[in-house]
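Enquirer: First, the structure itself, so that you have it in front of you.
Residue numbers (the UniProt record's numbering): 1 to 340.
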């Protein structure tokens with residue numbers, strides 16, 4: 001029986017993530033599932049040091065003993081933390097040009113800004129649910145109360161940087177998005193983690209707390225990306241496959257044969273993104289440009305085949321021989337209702 005946990009994080013400093021070209025920081029994803037998994041691998045290497053043989057470390061990187069979601073929002077509403085998940089692709093709210101707010105006043109915020117929905121709203125969608133101040137989060141009226149409308153969950157600042165490529169020696173300019181995730185004591189990010197055994201969950205828990213002290217994302221040495229784990233809870237996940245049911249991805253998935261077939265289902269709804277970036281390696285691969293891969297993005301709606309989706313990919317660039325570099329393209333899928 002697999003073990004699932006939900007970890008609630010409160011950030012003490014902004015997180016810096018790759019933002020691509022100039023002007024693209026606003027579209028930078030919150031810490032993706034593949035980046036979080038890579039950070040856990042780096043933590044395992046740093047904690048293990050020379051005691052861990054290179055071959056064993058390669059095995060951890062090639063097939064990590066955990067599967068994680070992306071970092072997803074949580075907000076304290078009504079005295080309890082409310083979890084949000086990626087909005088299913090093509091699920092629409094309100095009117096494209098805005099709608100009527102309370103009291104008949106026009107609400108000019110675009111409903112297209114909604115990126116995450118509460119799990120209760122996922123089970124029972126509403127045409128015009130309450131939203132956060134930033135417009136990214138939507139929940140049921142019972143959950144939202146008067147609090148959700150005051151929440152600005154995410155802010156972004158663009159930072160220009162340059163890095164020397166280890167293979168070519170050329171300085172390469174790039175941009176980082178500095179993300180402020182949550183504000184104050186009542187908002188942050190949560191992550192779903194799956195392991196095969198309780199021992200492996202304890203190992204992953206240790207690594208997560210190590211990352212809390214060291215930080216995640218870029219510029220950790222400057223104190224960025226630090227957080228605290230404020231709560232850990234059991235996560236009830238139905239692993240069984242149900243005919244006619246669908247699931248929504250909680251992270252980025254690299255298609256295996258089954259997922260490739262599932263994307264051809266007439267009811268599948270998804271978007272594909274190209275993920276590249278440089279390896280900040282556990283084994284010394286700092287600054288190496290990884291091979292680009294196409295991943296199915298969070299929010300994809302696919303037929304149900306259990307909670308685990310995707311596969312790990314080898315993204316070692318040609319000419320780099322120090323060790324192999326991998327991208328964890330496995331993630332978790334949250335159950336939806338049956339098709340209508």
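No residue lacks a Cβ here, since even glycine has one placed at the ideal position from N, Cα and C.
Quick caveat: nothing in here was measured; it's all calculated off a predicted structure.
In three-state DSSP terms, what is residue 90?
Expert: Against the chain shown, residue 90 aligns to sequence position 90. DSSP places residue 90 in coil when its eight states are reduced to three.
Enquirer: Starting from residue 247, follow its DSSP beta bridges and name the residues at the other end.
Expert: Stepping through the chain shown from its first residue, residue 247 is reached at position 247. The partner list for residue 247 (beta bridge, DSSP) reads 302 and 335.
Enquirer: At the level of alpha carbons, what is the spacing between residue 78 and residue 290?
Expert: Within the chain shown, numbered from 1, the residue matching residue 78 stands at position 78. Within the chain shown, numbered from 1, the residue matching residue 290 stands at position 290. Residue 78 and residue 290: Cα-Cα distance of roughly 44 Å.
Enquirer: In the DSSP output, what is residue 118 paired with across the bridge?
Expert: Residue numbering aside, residue 118 sits at position 118 when the chain shown is read from its first letter. BP columns for residue 118 point to 84.
Enquirer: Please classify residue 150 as buried or exposed, where buried requires at least 16 other C-beta atoms within 10 Å of its C-beta.
Expert: Residue 150 sits at position 150 when you count from the first residue of the chain shown. Exposed is the call here.
Enquirer: Taking the straight line between their C-alpha atoms, what separation do you get for residue 124 and residue 218?
Expert: Mapped onto the chain shown, residue 124 falls at position 124. Mapped onto the chain shown, residue 218 falls at position 218. About 38 Å.
Enquirer: Span of the alpha helix (DSSP H) holding residue 150?
Expert: Locating residue 150 in the chain shown gives position 150, counting from the first residue. Premise fails: residue 150 is in no alpha helix (DSSP H) and is neither H nor E.
Enquirer: Quick one: is residue 194 buried, meaning 16 or more other Cβ sit within 10 Å of its Cβ, or exposed?
Expert: As a working note, residue 194 is residue 194 in the chain shown. Buried, by the Cβ-count rule.
Enquirer: Under a three-way DSSP split, which group does residue 209 fall into?
Expert: Translated into positions along the chain shown, residue 209 becomes position 209. DSSP places residue 209 in helix when its eight states are reduced to three.
Enquirer: Which of the three DSSP states is assigned to residue 47 in this structure?
Expert: Along the chain shown, one-based indexing puts residue 47 at 47. It is helical.
Enquirer: Measuring only the C-alpha atoms, how far is residue 100 from residue 128?
Expert: Stepping through the chain shown from its first residue, residue 100 is reached at position 100. Stepping through the chain shown from its first residue, residue 128 is reached at position 128. With a pLDDT of 43 at residue 100, under the threshold of 50, the modelled position of that residue is not reliable, and no figure is offered here.
Enquirer: Which parts of the segment 212 to 236 are runs of the beta strand (DSSP E), unbroken and 3 residues or longer, counting only runs that do not cross its ends?
Expert: Within the segment 212 to 236, the complete beta strand (DSSP E) runs of at least 3 residues are 227 to 234.
Enquirer: Does the contact criterion of 3 or more C-beta pairs under 8 Å hold for the segment 234 to 243 versus the segment 29 to 42?
Expert: Touching, no, given that fewer than three Cβ pairs across the two stretches are closer than 8 Å.
Enquirer: Quick check: residue 112 and residue 140, are their CB atoms within less than 8 Å of each other?
Expert: Working through the chain shown from its first residue, we reach residue 112 at position 112. Working through the chain shown from its first residue, we reach residue 140 at position 140. No.
Enquirer: Output yes or no for whether 8 Å exceeds the beta carbon distance between residue 7 and residue 232.
Expert: Here residue 7 refers to the residue found at position 7 when the chain shown is read from its first residue. Here residue 232 refers to the residue found at position 232 when the chain shown is read from its first residue. It is a contact, given that the beta carbons lie within the stated cut-off.
Enquirer: Taking Cβ to Cβ, would you say residue 68 is nearer than 8 Å to residue 212?
Expert: Locating residue 68 in the chain shown gives position 68, where the first residue counts as 1. Locating residue 212 in the chain shown gives position 212, where the first residue counts as 1. Result no, Cβ atoms of residue 68 and residue 212 do not sit closer than 8 Å.
Enquirer: Measure the C-alpha to C-alpha separation of residue 152 and residue 318 and round it to an integer number of angstroms.
Expert: Position 152 of the chain shown, counted from the first residue, corresponds to residue 152. Position 318 of the chain shown, counted from the first residue, corresponds to residue 318. Residue 152 and residue 318: Cα-Cα distance of roughly 43 Å.
Enquirer: Let me make sure I understand the geometry here. Which of 248, 210, 224 and 272 has the alpha-carbon closest to that of residue 45?
Expert: Position 45 of the chain shown, counted from the start, is the residue given in the question as residue 45. Closest by alpha carbon: 210.
Enquirer: According to the neighbour-count rule (16 or more other Cβ atoms, all chains shown, within 10 Å of its Cβ), is residue 321 buried or exposed?
Expert: Residue numbering aside, residue 321 sits at position 321 when the chain shown is read from its first letter. That one is exposed.
Enquirer: Run through DSSP, which three-state label would residue 264 get?
Expert: Taking the chain shown and counting its residues from 1, one reaches residue 264 at position 264. DSSP places residue 264 in coil when its eight states are reduced to three.
Enquirer: Taking only the alpha-carbon atoms, compute the straight-line gap between residue 313 and residue 122 and give it to the nearest angstrom.
Expert: Locating residue 313 in the chain shown gives position 313, where the first residue counts as 1. Locating residue 122 in the chain shown gives position 122, where the first residue counts as 1. Cα-Cα distance, rounded: 31 Å.
Enquirer: Nearest CA to the CA of residue 142: which residue from 131, 136 and 70?
Expert: Locating residue 142 in the chain shown gives position 142, where the first residue counts as 1. The candidate whose alpha carbon is nearest that of residue 142 is 131.
Enquirer: Residue 224 and residue 15: beta carbons closer than 8 Å?
Expert: Residue 224 sits at position 224 when you count from the first residue of the chain shown. Residue 15 sits at position 15 when you count from the first residue of the chain shown. Taking 8 Å as the Cβ cut-off, residue 224 and residue 15 qualify as a contacting pair.
Enquirer: Taking the beta carbon of residue 273 as the centre, do at least 16 other beta carbons fall within 10 Å, making it buried, or is it exposed?
Expert: Within the chain shown, numbered from 1, the residue matching residue 273 stands at position 273. Around the Cβ of residue 273, a 10 Å sphere holds fewer than 16 other Cβ atoms; the residue is exposed.
Enquirer: Taking DSSP as the reference, what is the three-state secondary structure of residue 66?
Expert: Along the chain shown, read from residue 1 onward, the residue named residue 66 stands at position 66. Three-state result, residue 66: coil.
Enquirer: Using the Cα positions of residue 88 and residue 53, report the straight-line distance between them to the nearest angstrom.
Expert: The residue you call residue 88 lines up with position 88 of the chain shown. The residue you call residue 53 lines up with position 53 of the chain shown. When rounded, the distance between both Cα atoms is 42 Å.
Enquirer: Checking 8 Å against the spacing of the C-beta atoms, do residue 187 and residue 75 come in under that value?
Expert: Here residue 187 is taken as the residue at index 187 of the chain shown, counted from 1. Here residue 75 is taken as the residue at index 75 of the chain shown, counted from 1. It is a contact, given that the beta carbons lie within the stated cut-off.
Enquirer: Check for me: the alpha helix (DSSP H) holding residue 142 runs from which residue to which?
Expert: Your numbering for residue 142 matches position 142 in the chain shown. Taken as a continuous stretch (DSSP letters only), the alpha helix (DSSP H) holding residue 142 covers 141 to 144.
Enquirer: Under 8 Å between the Cβ atoms of residue 156 and residue 135?
Expert: As a working mapping, residue 156 is identified with position 156 in the chain shown. As a working mapping, residue 135 is identified with position 135 in the chain shown. No, these two residues do not count as a Cβ contact at 8 Å.
Enquirer: So residue 333 packs on residue 248, CB below 8 Å; how close in whole Å?
Expert: On the chain shown, residue 333 is found 333 positions in, with the first residue counted as 1. On the chain shown, residue 248 is found 248 positions in, with the first residue counted as 1. Contact holds; Cβ gap of about 7 Å.
Enquirer: Residue 77 by DSSP, collapsed to three states: which one?
Expert: Start at 1 with the first residue of the chain shown, and residue 77 comes out as number 77. It is a strand residue.
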